[in-house]
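My numbering puts the first residue of the sequence shown at 158, with every later residue one more than the last.
Each residue gets a CB set at the ideal place from its N, CA and C atoms; glycine is no exception.
Since this is a predicted model, take the numbers as computed values, not measurements.
These notes concern the structure reproduced below.
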Amino acid sequence: MEKQHVDKSLFVLGVGFSVYFLFLFLNYHLFHLDFVLLGVVQELITIPLMMAVVVVFAISLYRLIRHFSFQGYLIWAAIILLACSAAVWGSLVFS
Numbered sequence: 158m159e160k161q162h163v164d165k166s167l168f169v170l171g172v173g174f175s176v177y178f179l180f181l182f183l184n185y186h187l188f189h190l191d192f193v194l195l196g197v198v199q200e201l202i203t204i205p206l207m208m209a210v211v212v213v214f215a216i217s218l219y220r221l222i223r224h225f226s227f228q229g230y231l232i233w234a235a236i237i238l239l240a241c242s243a244a245v246w247g248s249l250v251f252s
């Protein structure tokens with residue numbers, strides 16, 4: 158039961174990180190919202206979340222290697238976090 162709870166938590170974190178960076182991308186390219194409070198929150202949260210994506214991906218990859226299964230939340234968490242980290246860090250390299 159403990160293993161499944163941790164795997165589900167990693168999955169929820171991956172989805173949460175992806176949703177945050179998707180909203181950040183949409184705000185920059187589509188919505189162009191220019192509120193002071195929104196800018197402050199973005200500046201305070203974005204860099205720690207960029208590092209957290211890498212850390213949570215490393216944890217999910219470690220757990221995936223130790224307890225490999227195609228079923229369950231862990232494989233999807235690893236895929237989501239890999240895509241999110243590639244998009245975030247790739248946007249820094251190619252911008």
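DSSP three-state call for residue i: helix, strand or coil?
| i | result |
| --- | --- |
| Leu194 | helix |
| His224 | coil |
| Ser217 | helix |
| Gly247 | helix |
| Ser252 | coil |
Taking only the alpha-carbon atoms, compute the straight-line gap between residue i and residue j and give it to the nearest angstrom.
| i | j | result |
| --- | --- | --- |
| Arg220 | Phe227 | 13 Å |
| Phe214 | Val163 | 13 Å |
| Ala243 | Leu190 | 25 Å |
| Leu249 | Ile204 | 12 Å |
How is the alpha helix (DSSP H) around residue i delimited, first residue to last?
| i | result |
| --- | --- |
| Val189 | Here the sequence assigns His to residue 189, which means Val is not the residue at that position. No alpha helix (DSSP H) contains His189, which DSSP labels as neither H nor E. |
| Gly173 | 159-183 |
Nearest to residue i by alpha carbon, out of the options?
| i | options | result |
| --- | --- | --- |
| Tyr177 | Arg223, Val193, Val198, Glu159 | Val198 |
| Trp233 | Lys160, Phe168, Glu159, Ser248 | Phe168 |
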